[in-house]
Every structure is written in structure tokens, then in C-alpha cells.
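Okay, structure first, notes after.
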């Protein structure tokens, strides 16, 4: 079977930065619904189109094809007293501009006596990423998976 729209693709992958440092690596295969459902990077999906089980590839992606360029305007300094007492570097909080419905996830990057620095950029923003993968399985998607636009069951989403 070939990878086409509305197939469930299972694969092992390794995500590295431009220097080869491993960012993420699978122990078990992950599965996604192929065909423009945003379950995987579009460039990876394009590279896998029409491929079969056993296919291996590496896709190098610039920031505009992954998590965007780093935006320094998303770094904010907030008063310490608006955070919980146990605030720590690495904690994440939802937030946004006062007059906006847009919500971002901010990561605490620094804590001082009366200030907390938070960053609304994705942790991988601004990075060139390499996605190396091997296709381990392909199957037709169920009607329910297609209507929900994601994989159900093993290696996918379970309701």
C-alpha cells in the first residue's frame, strides 16, 4: 500500500537541530492521518506521499516550515506577584495581550526578586530542524478518523 490522502501512516522518527543534536526520538512508532490534516510537518508529508512501508528519508526544514522565526517581541517581563509562589523556570502559563482574544503559551525563562521573564515563542522557534523517519506501517483510515481528522487507537488519539 502507498501513502496517499486518508491513509494512516506509522513511523519512527528522530528530530535533530542543525548541529545534529537530538531533540526528540521515538521509542514506539507514532501515527498520523495523511492528507493535509496537520498531523505532521507539511514538508514531511510531501516527502512521504506515494511511499511504502520501509521508506526512509530525512527532511531539512527552515524555521518558516516548522515553528517560525524567533520573535523577540514575545518575550515579556512581568511582575513577580502575578505568578504563583512556587513559580519556577520552565513552567508554562497561558497569556495574551489585554485587548486580544489570542492566547499564547508562555514559558518562564528567568526569575528575579520582583520580576519574571516569560517567552511566548515555541521552544524550537528560529531553528533549522532535520526530521529523519522510517515508515513502519500504512493502512486505510476509518471513516471516523477522517471525520475527526486524526488517528484513533494504537499510536494515535483515543477518545
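In our numbering, the protein residues as written are 2 to 160. The C-beta atom is built at its ideal place from N, Cα and C for all residues, glycine as well. Every value quoted in this text rests on a predicted model; they were computed, and no experiment measured them.
Counting only the same chain and skipping the five closest in sequence on each side, list residues whose C-beta sits under 7 angstroms from that of residue i.
| i | result |
| --- | --- |
| residue 115 | 80, 81 |
Going by C-alpha to C-alpha distance, which of the options sits closest to residue i?
| i | options | result |
| --- | --- | --- |
| residue 89 | 119, 74, 70, 106 | 119 |
| residue 60 | 107, 10, 84, 19 | 19 |
| residue 52 | 109, 154, 138, 113 | 138 |
| residue 25 | 5, 33, 131, 73 | 131 |
| residue 126 | 86, 64, 145 | 64 |
| residue 86 | 46, 117, 72, 47 | 117 |
| residue 109 | 75, 133, 101, 100 | 75 |
Measure the alpha-carbon distance for residue i versus residue j and round it to whole angstroms.
| i | j | result |
| --- | --- | --- |
| residue 16 | residue 30 | 14 angstroms |
| residue 143 | residue 36 | 14 angstroms |
| residue 1 | residue 44 | Nothing can be reported for residue 1: it is not among the residues displayed for the chain, which extend from 2 to 160. |
| residue 135 | residue 129 | 20 angstroms |
| residue 113 | residue 78 | 10 angstroms |
| residue 23 | residue 13 | 14 angstroms |
| residue 5 | residue 58 | 17 angstroms |
| residue 21 | residue 27 | 16 angstroms |
| residue 154 | residue 93 | 29 angstroms |
Which same chain residues, not among the five before or five after residue i, have their C-beta less than 6 angstroms away from its C-beta?
| i | result |
| --- | --- |
| residue 38 | 150 |
| residue 7 | 36, 142, 147 |
| residue 123 | 68 |
Quick one: residues in its chain with C-beta nearer than 8 angstroms to the C-beta of residue i, no 5 flanking neighbours on either side, listed in chain order?
| i | result |
| --- | --- |
| residue 104 | 95, 96, 97 |
| residue 3 | 51, 52, 53, 139 |
At what residues does the alpha helix (DSSP H) containing residue i begin and finish?
| i | result |
| --- | --- |
| residue 148 | 144–149 |
| residue 46 | 43–49 |
Tell whether a beta-carbon distance below 8 angstroms holds between residue i and residue j.
| i | j | result |
| --- | --- | --- |
| residue 107 | residue 91 | no |
| residue 42 | residue 62 | yes |
| residue 34 | residue 40 | yes |
Hey, could you find the ends of the beta strand (DSSP E) residue i is sitting in?
| i | result |
| --- | --- |
| residue 20 | Careful: residue 20 lies outside any beta strand (DSSP E) and carries neither H nor E. |
| residue 107 | 105–112 |
| residue 130 | 130–141 |
For a cutoff of 8 angstroms on Cβ pairs, would you count residue i as touching chain C?
| i | result |
| --- | --- |
| residue 48 | Looking at the structure shown, chain C is missing, and only one protein chain is on hand. |
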